[in-house]
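Okay, so the sequence shown: first residue is 505 according to this note's numbering, each after it adds one.
Each residue gets a CB set at the ideal place from its N, CA and C atoms; glycine is no exception.
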Amino acid sequence: MDGMHANSPHARDVKYLVHQQTELKSYREQGGTLMARGNGIHVIDESGKEYIEAMAGLWCASLGFSEKRLAEAGYKQLLELPYYHTFFDKGHLASVDLAEKLLSVAPASMAKVLFQCSGSEANDTAIKLAWYYHNAIGKPEKKKIIGRERGYHGNTVASVSVSGQPHMRAGFDIPLPMFRHTDNPNYYRFHTEGETEEQFSDRMAKNLEDLILAEGPETVAAFFGEPVQGGGGAITPPRTYWQKIQKVLKKYDVLFVADEVIAGFGRTGNMWGTQTYDLQPDMISCAKALSAAYQPISALMISDKIYQALESLSATNGTFGHGYTYGAHPVACAVALETLKIYEERDIVGHVRAVSPAMLDGLGAFADHPLVGNVRGIGLFVGIELMQDKKSRTPWPAERKVGTMVQDHALKHGLIVRAIGDRIAFTPPLVITAAEIGEMCRRFGLALEDARRDLKV
Ligand SMILES: Cc1ncc(COP(=O)(O)O)c(C=O)c1O
């Protein structure tokens, strides 16, 4: 941070904060980008430079960065009842209103909801409930939890254990012993020569079945999957994948938790990824767009089958011994309720469907670019995989950091995308217009050309 004024925001940032998911030494030496304001789909840094936020922050700011109705809903609730909880036979009106509204738009099989503050906590709760459920129904040996390589379910000790992110395990003694992982569903990257999407999905389901059999089906409690994989690289599942995976789960009586933390609330062109891929989960976790990210809140929705088991074991134990001080926080509930009303009034799902072709075609056009191996997406969710050799699907050596190179050039051009290895993710705010999508693609094209020059391709 040479030459930086000691009291500048950058100098104070480096002095006081530990940044998350960041290489700390180089951050201390070079600093980063500090945002000051938001405007529609844009964020503006402290120097006044404006960026298109093509990741909606962390896949979450669904209504962009300047929705006044959400600010007003929060303010009103702060004046009325700024805090209350749902422990010890108590509750509050904002949580009742939100629970009713959320379940009214949820897939029909969901009966009740528990509120937390983050996606990680929703998934952590789901893991606890899978254990509690099996204890309640007299199958206490069913305890193992299966996730997928490169799956992303959060950062609590349990939710990161079900995740399959190597960099989030390194140095943390993760995963916990009862967690297992099955294949990553990136068809483009992992299919064998001539293997169709359907055959690839058969192989994925067979490998899952083999894993369950090797562990002993009587020991496997639950499987976690994101309808579309986010942190693994913005990966849409291959054809017939979910149908085949669910068949295996049903066969061995394994609970299915659909992690809708990214897919929920319109991202895939339906309210839920569960609808897009015809899923029948026992529990659904959601967060992020639940409040358009204006307040930290998540929900775990559960089927009646799960709820009945919780009720019976809580009667035996004398209580349902679980909860968070800030779970169902009234201000977060009020903002989330207003968010759901806005989705309905503005037909956000219809809007996603209307502008999705502009994004799929606009980014799809880069499939011919010499650096791009594959473009695949759904709704307003796209992943682009960069390749050194498209024909043989040979990736760039990791140390060249080609994804980061493209991401950094994009930033220079006023575009925020996310490099996940050499996959580039795009999940802009759901309110993005077709014209804004055009500008997003134009800026991305400039970044790709800059990287091409650097790489001398
Ligand atoms: C699919 C998925 N699940 C869970 C999480 C964790 O959510 P949070 O960061 O709110 O704890 C994330 C975060 O990106 C996610 O993408």
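Own chain residues within Cβ distance below 6 angstroms of residue i, not counting five before or after
{"i": "residue 753", "result": "727, 760"}
{"i": "residue 602", "result": "837, 840, 841"}
{"i": "residue 737", "result": "887, 924, 927"}
{"i": "residue 894", "result": "877"}
Cβ-based burial, residue i [other Cβ within 10 Å; buried from 16]
{"i": "residue 532", "result": "exposed"}
{"i": "residue 684", "result": "buried"}
{"i": "residue 619", "result": "buried"}
{"i": "residue 750", "result": "buried"}
{"i": "residue 593", "result": "exposed"}
{"i": "residue 646", "result": "buried"}
{"i": "residue 652", "result": "buried"}
{"i": "residue 822", "result": "exposed"}
{"i": "residue 659", "result": "buried"}
{"i": "residue 557", "result": "buried"}
{"i": "residue 475", "result": "Outside the modelled stretch of the chain, which goes from 505 to 961, sits residue 475, for which no answer is possible."}
{"i": "residue 786", "result": "buried"}
{"i": "residue 865", "result": "exposed"}
{"i": "residue 799", "result": "buried"}
{"i": "residue 671", "result": "exposed"}
{"i": "residue 946", "result": "exposed"}
{"i": "residue 911", "result": "buried"}
{"i": "residue 820", "result": "exposed"}
{"i": "residue 648", "result": "buried"}
{"i": "residue 885", "result": "buried"}
{"i": "residue 604", "result": "exposed"}
Local conformation of residue i per DSSP, three classes
{"i": "residue 761", "result": "strand"}
{"i": "residue 525", "result": "coil"}
{"i": "residue 534", "result": "helix"}
{"i": "residue 648", "result": "strand"}
{"i": "residue 620", "result": "strand"}
{"i": "residue 790", "result": "strand"}
{"i": "residue 802", "result": "strand"}
{"i": "residue 774", "result": "coil"}
{"i": "residue 935", "result": "coil"}
{"i": "residue 669", "result": "coil"}
{"i": "residue 807", "result": "strand"}
{"i": "residue 560", "result": "helix"}
{"i": "residue 511", "result": "coil"}
{"i": "residue 686", "result": "strand"}
{"i": "residue 952", "result": "helix"}
{"i": "residue 554", "result": "strand"}
{"i": "residue 674", "result": "coil"}
{"i": "residue 928", "result": "strand"}
{"i": "residue 638", "result": "helix"}
{"i": "residue 654", "result": "coil"}
{"i": "residue 547", "result": "strand"}
{"i": "residue 630", "result": "helix"}
{"i": "residue 767", "result": "coil"}
{"i": "residue 606", "result": "helix"}
{"i": "residue 919", "result": "strand"}
{"i": "residue 578", "result": "helix"}
{"i": "residue 698", "result": "coil"}
{"i": "residue 542", "result": "strand"}
{"i": "residue 796", "result": "coil"}
{"i": "residue 819", "result": "helix"}
{"i": "residue 612", "result": "coil"}
Sequence-distant residues of the same chain with beta carbon closer than 7 angstroms to residue i, five excluded per side
{"i": "residue 763", "result": "627, 657, 728, 729, 730, 789"}
{"i": "residue 961", "result": "874, 875"}
{"i": "residue 969", "result": "In this structure the chain extends from 505 to 961, so residue 969 is not present and cannot be described."}
{"i": "residue 609", "result": "775, 844"}
{"i": "residue 641", "result": "813"}
{"i": "residue 958", "result": "909"}
{"i": "residue 478", "result": "Here the chain comprises residues numbered 505 to 961, so residue 478 is not present and cannot be evaluated."}
{"i": "residue 913", "result": "951, 954, 955"}
Cutoff 8 angstroms; reference residue i; Cβ partners in own chain excluding five residues on either side
{"i": "residue 644", "result": "638"}
{"i": "residue 509", "result": "515"}
{"i": "residue 673", "result": "664, 679"}
{"i": "residue 573", "result": "842, 846"}
{"i": "residue 871", "result": "878, 879"}
{"i": "residue 513", "result": "538, 550"}
{"i": "residue 942", "result": "862, 866"}
{"i": "residue 622", "result": "658, 791, 800, 802"}
Short CB-CB distance (under 8 angstroms) between residue i and chain B
{"i": "residue 904", "result": "This model lacks chain B altogether; it includes just one protein chain."}
Does the region 807 to 817 touch the region 542 to 549, meaning 3 or more C-beta pairs lie closer than 8 angstroms?
-> No, the region 542 to 549 is not in contact with the region 807 to 817.
Do the region 580 to 592 and the region 791 to 801 make contact, defined as three or more Cβ pairs closer than 8 angstroms?
-> Proximity of the region 580 to 592 to the region 791 to 801 falls short of the contact definition, fewer than three beta-carbon pairs being nearer than 8 angstroms.
Whole runs of the beta strand (DSSP E) within the region 831 to 915, excluding any shorter than 3 residues | Complete beta strand (DSSP E) runs here, min 3: 876 to 882, 885 to 890.
Would you call the region 845 to 860 and the region 769 to 781 touching, i.e. three or more CB-CB distances under 8 angstroms?
-> They touch, by the three-pair rule.
Give, in chain order, every unbroken run of the beta strand (DSSP E) that is at least 3 residues long and sits entirely within the region 704 to 765.
-> As far as the region 704 to 765 is concerned, its whole beta strand (DSSP E) runs of at least 3 residues are 724 to 729, 759 to 763.
Is it a yes or a no for the region 928 to 943 touching the region 854 to 870, going by three-plus beta-carbon pairs under 8 angstroms?
-> With a cut-off of 8 angstroms, the region 854 to 870 and the region 928 to 943 count as touching, because enough Cβ pairs lie within range.
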